[in-house]
Amino acid sequence: MSLVGQRIQELREEKGLTQLQLSKGIVSRSYLSQIEKGNVHPSYSLLKKIASKLECKIEELLEEPKNNSFKISMFKKYLKELETNIEAGKISESIKTYKKLNLELKSNLSNYEKGILYWAEGKLAENNNSSDSSPAIEKYRESIKLLKKTNYINEWIRSINDLASLYLKLQKNNEAFQWLDTAYDALIKNQIGGVLKTSLLINLGHAHINFGEYHSAIRYLKEAENLNKSSDVHVKSGKVYLLLALCYKELDDYECSKEYNKKALKFFELTEEHESIANIYNNMGNLFLKQGLYDMAIDYFEKAVKLYKEIQHIQGFLLSKTGMAKSHYHNGHFKLSEEICNEIISQNHEKQYKGIAFIILGDIRFNEKKYQAALENYNNSFALFNENNIQWGERYALKKIALLHFNQREYEKAAKIFIEIDRKTEIIKFPLFI
72 MSLVGQRIQE LREEKGLTQL QLSKGIVSRS YLSQIEKGNV HPSYSLLKKI
122 ASKLECKIEE LLEEPKNNSF KISMFKKYLK ELETNIEAGK ISESIKTYKK
172 LNLELKSNLS NYEKGILYWA EGKLAENNNS SDSSPAIEKY RESIKLLKKT
222 NYINEWIRSI NDLASLYLKL QKNNEAFQWL DTAYDALIKN QIGGVLKTSL
272 LINLGHAHIN FGEYHSAIRY LKEAENLNKS SDVHVKSGKV YLLLALCYKE
322 LDDYECSKEY NKKALKFFEL TEEHESIANI YNNMGNLFLK QGLYDMAIDY
372 FEKAVKLYKE IQHIQGFLLS KTGMAKSHYH NGHFKLSEEI CNEIISQNHE
422 KQYKGIAFII LGDIRFNEKK YQAALENYNN SFALFNENNI QWGERYALKK
472 IALLHFNQRE YEKAAKIFIE IDRKTEIIKF PLFI
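The sequence shown begins at 72 in the working numbering and counts up by one.
Spelled out as structure tokens, the structure:
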């Protein structure tokens, strides 16, 4: 709401006039309502007519509202509107509503209202396309802290769930799992169902996937799928199908994986979610790569690369490029694979994919029996992963280095590296991309 709109409403209510009474003979009631909401800016001539009917000077309409309780009331009204818009996924509308809030009044809010405000600010920060996620994390954590002091369990769990979801995107799986475990315990204890339960189950499934616990992930995701079916409210159905497809692929149940990928693709094509469609193409590429169907894998990776490029999704673009490079390598297209790897290495973004490209180059050189060149590439990969604290990458590179030494009958060197790998507990694998 603009200050002018607030001031007009304040003076109108002081006079005991309804919107219909004030607007009569000047504008329509709905137009006056839009002015008071701040959606329309009145002209000077219109302000003059309104001032005349309110028996005040135009300058009084341009003053800040004087009734503090009125301002707080309007703040709370727009806070509720903000919450509703965010829940509906209307981010652009949410930004407009947020700009109407007079944040100087924040100290007048209850812990519940502050908790909702911080949650909303966290959602907006998460959706501002910034590479820095710390502001969103900070807002979510403050929301959780405040809502814990209230009896609003649903809102508290919602803030936890959204924080955990962000941690999953950032591949901070331990942090995500700890929060999800807390939220799930509260959900069961308070017998909470509906959309919130389904959303939490999806994130739990996602977390278990990231830990390589595919059977557990399927259990949570199938429960979410069944809740969607029984309630006929399709909460992130596309994501459920996508995650289930990933699980079945990792468990070598290729037919189930294909079936769920098809369901996911159909869903996202209807909703025109291009990033999710690209994700499915990438996952299908990985599925066929795992089956040894390299030509089909390359076709899907090419589709993914094209779509990621169109929507300027650099992470997805590079991930699918590594899939293409690996597929060409296994298909015996070493020159093509090498060209793609060099393209990935030339990029300054997403160091993990650069590290994978060095691994593939090392494999190419190993296949050519150029063992020193292979070792150099594996070492480059390890150094890159180590510098950027990408632990799964360090393990992956170390395994390659150890196998090379073993192949060269350098058993003592190989043994030392394998012992180092054994000290690490995390699974050596490529990251899954959602």
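Yeah, the Cβ is synthetic: ideal placement off N, Cα and C, and Gly gets one too.
It should be emphasised that the depicted structure is a prediction, and the values quoted were computed from it without experimental measurement.
Express the C-alpha separation of residue j and residue i in angstroms, rounding to a whole number.
i      : j      : result
Ser333 : Glu340 : Inspection of the sequence shows that residue 333 is occupied by Lys rather than by Ser. Each residue's alpha carbon lies about 10 Å from the other.
Glu373 : Gly283 : 27 Å
Lys185 : Ser230 : 12 Å
Lys470 : Lys337 : 39 Å
Ile505 : Tyr312 : Confidence at Ile505 is low in this model, with a pLDDT of 41, below 50, so the placement of that residue should be treated as unreliable; the coordinate-derived value is given next. Approximately 11 Å between the Cα atoms of the pair.
Met72  : Asn156 : Note that Met72 scores a pLDDT of 47, beneath 50, so its modelled location is shaky; the value from the coordinates is reported in the next line. Computed Cα separation, rounded: 16 Å.
Leu475 : Asn448 : 12 Å
Lys170 : Tyr149 : 10 Å
Lys484 : Lys310 : 45 Å
Ala196 : Leu180 : 21 Å
Phe405 : Ile435 : 7 Å
Leu378 : Asn413 : 21 Å
Gln249 : Tyr238 : 11 Å
Cys318 : Ser205 : 30 Å
Glu134 : Lys124 : 17 Å
Ile430 : Asp252 : 36 Å
Lys307 : Val376 : 24 Å
Leu218 : Gln443 : 59 Å
Gly96  : Gln90  : 12 Å
Asn110 : Leu117 : 15 Å
Ala122 : Ala278 : 59 Å
Ser144 : Asn200 : 32 Å
Gly433 : Ile208 : 38 Å
Val98  : Glu84  : 18 Å
Ile490 : Gln462 : 16 Å
Pro113 : Lys167 : 18 Å
Is residue i buried or exposed, if buried means 16 or more other CB atoms sit within 10 Å of its CB?
i      : result
Ile498 : Because Ile498 sits at a pLDDT of 47, beneath the cut-off of 50, its placement in the model cannot be relied upon, and the following sentence gives the value as read from the coordinates. By the 10 Å Cβ count, Ile498 comes out exposed.
Gly28  : Outside the shown range of the chain, which is 72 to 505, sits residue 28, and nothing can be said about it.
Lys455 : A small correction: the amino acid at residue 455 is Leu; Lys does not occupy that position in the sequence shown. That one is buried.
Val554 : Residue 554 lies beyond the residue range present for the chain, which begins at 72 and ends at 505; the question has no answer from this structure.
Ala191 : buried
Thr342 : exposed
Ser94  : buried
Tyr331 : buried
Asn274 : buried
Ala349 : buried
His399 : buried
His425 : A small fix is needed here, since residue 425 is Lys in this sequence, not His. So Lys425 counts as buried.
Leu298 : buried
Gln262 : exposed
Taking residue i as part of the alpha helix (DSSP H), name the residues at either end of that continuous run.
i      : result
Leu474 : Gln462 to Asn478
Cys412 : Phe405 to Ile416
Glu346 : His345 to Gln362
Leu74  : Leu74 to Lys86
Asn199 : Note, Asn199: premise wrong, no alpha helix (DSSP H); not H, not E.
Tyr223 : No alpha helix (DSSP H) holds Tyr223; DSSP gives it neither H nor E.
Gly426 : Lys422 to Asn438
Glu135 : Premise fails: Glu135 is in no alpha helix (DSSP H) and is neither H nor E.
His305 : Run containing His305: none; DSSP gives neither H nor E here.
Gln105 : Arg100 to Lys108
Asn173 : Neither: Asn173 is in no alpha helix (DSSP H) and is coded neither H nor E.
Ala207 : Ser205 to Leu218
Gly401 : Note that residue 401 corresponds to His in the displayed sequence, not to Gly. First-last of the alpha helix (DSSP H) with His401: Ile385 to His401.
Glu284 : Looking at the DSSP string, Glu284 is not in any alpha helix (DSSP H), and its letter there is neither H nor E.
Thr253 : Asn244 to Lys260
Between the beta-carbon of residue i and the beta-carbon of residue j, is there less than 9 Å?
i      : j      : result
Ile351 : Ala335 : yes
Lys329 : Leu360 : no
Leu272 : Glu294 : yes
Asn353 : Tyr371 : yes
Ala468 : Asn450 : yes
Leu172 : Leu153 : yes
Leu446 : Glu421 : no
Asn222 : Asn281 : no
Asp233 : Lys260 : no
Phe437 : Asn402 : no
Asn385 : His345 : A quick correction: the sequence has Ile, not Asn, at residue 385. No, the pair does not count as a contact, with Cβ atoms beyond the cut-off.
Ile411 : Met395 : yes
Tyr285 : Glu321 : yes
Ala235 : Ala257 : no
Gly265 : Ser301 : no
Tyr115 : Ile106 : no
Glu175 : Lys137 : no
Tyr183 : Glu213 : no
Gln423 : Asn459 : yes
So, is the C-beta of residue i closer than 9 Å to a C-beta in chain D?
i      : result
Leu446 : Absent from the structure: chain D. Only one protein chain is present.
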